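Peer 1:
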Amino acid sequence: MKRILLLVFACYFVLGAYSQDFFNTDFKKNKRYVILCDPTVQRIKTVQYLTAVNLLDVKKNKVKFVGVYYKDQNYDFSQTKKYIEENHLDNFFLHEISGELNEDNLFENNAVSEELKKVFDNSVGVFFFGGPDIPPGIYGEENTLSVVTDPNRHYFEATFLYHLLGGFQDDDFKPLLDKRPDYLVTGFCLGMQTMNVATGGTLIQDIPSELFGAETPEATVKIGRTNLHRNYWQNIVNDSLLMGVNLHTISFTDNPFFGDRVRVKKRLTPRIYSSHHQAADKLGKNLEVTCVSPDGKIVEGLAHSKYKNVFAVQFHPEVPALYEDMYVRKFHPEDVAQSYNDILGKQSVRFHEAYWNFISDELKSVRKPKNKN
23 MKRILLLVFA CYFVLGAYSQ DFFNTDFKKN KRYVILCDPT VQRIKTVQYL
73 TAVNLLDVKK NKVKFVGVYY KDQNYDFSQT KKYIEENHLD NFFLHEISGE
123 LNEDNLFENN AVSEELKKVF DNSVGVFFFG GPDIPPGIYG EENTLSVVTD
173 PNRHYFEATF LYHLLGGFQD DDFKPLLDKR PDYLVTGFCL GMQTMNVATG
223 GTLIQDIPSE LFGAETPEAT VKIGRTNLHR NYWQNIVNDS LLMGVNLHTI
273 SFTDNPFFGD RVRVKKRLTP RIYSSHHQAA DKLGKNLEVT CVSPDGKIVE
323 GLAHSKYKNV FAVQFHPEVP ALYEDMYVRK FHPEDVAQSY NDILGKQSVR
373 FHEAYWNFIS DELKSVRKPK NKN
């Protein structure tokens with residue numbers, strides 16, 4: 023009888039650990055949980071890499087990860103559940119959120135507000151990752167040049183960030199971070215754009231056409247390599263070695279974020295991994311620009327003026343190929359193919375390592391929530 027009870031308990035624990043309703047299970051409330059939005063299988067693999075090579079230091083933080091997503095997103099998150107189970111990942115969990123979301127109810131208390139508060143109350147930070155174009159209706163514009171493939175993901179992430187940070191949409195709204203201002207919120211590429219939109223900002227829907235008047239790939243490549251934010255040669259030439267991205271430099275602004283907090287030299291112009299055609303335009307509430315593109319026209323980084331642990335970048339520091347020679351690619355058809363790691367160079371790789379070290383240190387500094395459950 024005792025063995026049967028132990029077996030039942032073990033099954034219950036395993037099913038609870040791998041359920042897609044994590045924060046509604048009997049989870050261990052003494053742990054430090056970091057939220058991963060849009061937790062696809064590839065996203066989990068990326069975080070596994072970052073932790074394995076100690077770029078994202080979870081050992082000193084004793085961190086576990088919870089993938090949080092909206093039920094009506096296009097991605098089949100049962101694939102992620104299966105990946106976690108089959109690989110016996112005891113530091114990754116899933117939590118599904120449901121409730122009516124649309125363009126009209128994102129920036130107010132809505133059907134997911136209570137679940138978002140529960141997620142916030144039991145975690146120390148959240149990562150927002152890259153992805154497709156945001157529906158322009160979210161920031162009050164018509165769709166002229168955006169390609170929207172998964173609106174429900176954007177509804178969820180925009181309302182999540184609004185609940186965390188507030189925005190111009192309602193000055194009386196009380197952001198969750200007012201209660202815990204040291205909570206870490208960061209994002210990459212789409213993650214930064216969503217942060218801007220959620221706080222009341224807008225986007226440039228297509229950089230080449232809106233800023234340079236380039237309507238075709240052929241016209242776009244004439245803008246010059248340093249001013250391109252993804253590779254349009256792949257739309258002109260059939261070459262399997264052409265990268266879909268661009269690796270261009272950035273410059274830091276007078277904002278003290280990178281110099282004083284990340285502690286990199288302000289005169290440094292590191293090369294970064296860029297893959298986007300949209301960019302922040304009008305800035306959201308309390309957001310300040312920390313770095314820009316070589317021509318100064320594109321916002322490459324944002325930081326929050328009120329909450330010190332809220333910051334994001336337009337580029338992708340999470341890509342594993344930046345840190346070691348995984349494969350070779352080229353930007354121009356006549357280039358010699360090289361690894362991303364070689365193209366970046368040691369100084370730029372060190373910049374990325376410093377950025378991850380900063381994120382790890384900030385995570386460590388976040389106080390564990392006082393759980394009243």
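With the working numbering applied, the sequence shown covers 23 to 395.
Beta carbons are placed, not taken as given, at the ideal position from N, Cα and C, and that holds for glycine.
All values reported here derive from a predicted model rather than from experimental measurement.
1) Take the Cβ of R351 as the centre, count every other Cβ of all protein chains shown within 10 Å, and call the residue buried at 16 or more, exposed below.
2) Spatial neighbours of A343 within its chain, please: C-beta separation below 6 Å, excluding the five flanking residues on both sides.
3) So what does A301 bridge to, in DSSP terms?
4) Suppose only complete runs of 4+ residues qualify. What are the alpha helix (DSSP H) ranges in the stretch 43–94, listed by chain order?
5) What's the gap between the Cα of E164 and the Cα of N277?
6) Can you tell me where the beta strand (DSSP E) with R293 in it begins and where it stops?
7) Once the 5 residues before and after V335 are set aside, which same chain residues still bring their CB inside 7 Å of it?
8) Going by alpha carbons, who is nearest to I294 out of R252, F178, V134?
9) Using the rule of at least 16 other Cβ atoms within 10 Å of the residue's Cβ for burial, across every protein chain shown, is M265 buried or exposed?
10) Please state whether DSSP places V243 in a helix, a strand or coil.
11) Which partner residues does H326 have in the DSSP bridge list?
12) Quick one: does V141 have its CB under 9 Å from some CB of chain B?
13) From which residue to which residue does the alpha helix (DSSP H) around H185 run?
14) Could you tell me the alpha carbon to alpha carbon distance between L27 and F373, rounded to whole angstroms?
15) When you compare only the Cα positions, how much space is there between R175 and H354?
16) Around the C-beta of R389, are 16 or more other C-beta atoms found within 10 angstroms, so that it is buried, or is it exposed?
17) Once the 5 residues before and after E384 are set aside, which same chain residues still bring their CB inside 7 Å of it?
18) Please classify V219: does DSSP put it in a helix, a strand, or coil?
19) Locate the beta strand (DSSP E) running through T102, then write down its first and last residues.
20) Rounded to a whole number of angstroms, what is the C-alpha to C-alpha distance between V85 and F44?
21) Quick check: the stretch 118–134 against the stretch 67–77, are at least 3 beta-carbon pairs closer than 8 Å?
22) List the endpoints of the continuous alpha helix (DSSP H) containing V371.
23) Could you tell me which uninterrupted beta strand (DSSP E) segments, each at least 3 residues in length, are contained entirely in the stretch 247–275, listed from first to last along the chain?
24) So, under 8 Å CB-CB, H117 and V146 are touching, yes? Tell me the CB distance rounded to an integer number of Å.
25) Looking at the structure shown, is S120 part of a helix, part of a strand, or coil, going by DSSP?
26) Rounded to a whole number of angstroms, what is the C-alpha to C-alpha distance between I226 and E125?
27) With burial defined as no fewer than 16 other Cβ atoms inside 10 Å of the residue's Cβ, what is the status of N308: buried or exposed?
28) So which of D200, T216, S100, I258 has the shortest CA-CA distance to G152?
Peer 2: Let me lay it out:
1) buried
2) Y362
3) I226
4) 63–74
5) 32 Å
6) 293–296
7) F210, M214, E322, G323
8) R252
9) buried
10) helix
11) L309
12) Reference to chain B is not applicable here, since this structure consists of a single protein chain.
13) 173–187
14) Unreliable placement is indicated for L27, whose pLDDT of 42 sits below 50; no coordinate value is reported for it.
15) 34 Å
16) exposed
17) L206, N331
18) helix
19) Element bounds for T102: not the beta strand (DSSP E) but the alpha helix (DSSP H), 100–108.
20) 15 Å
21) no
22) 368–387
23) 268–271
24) No, H117 and V146 are not in contact; Cβ-Cβ is about 15 Å, not under 8 Å.
25) coil
26) 19 Å
27) buried
28) T216
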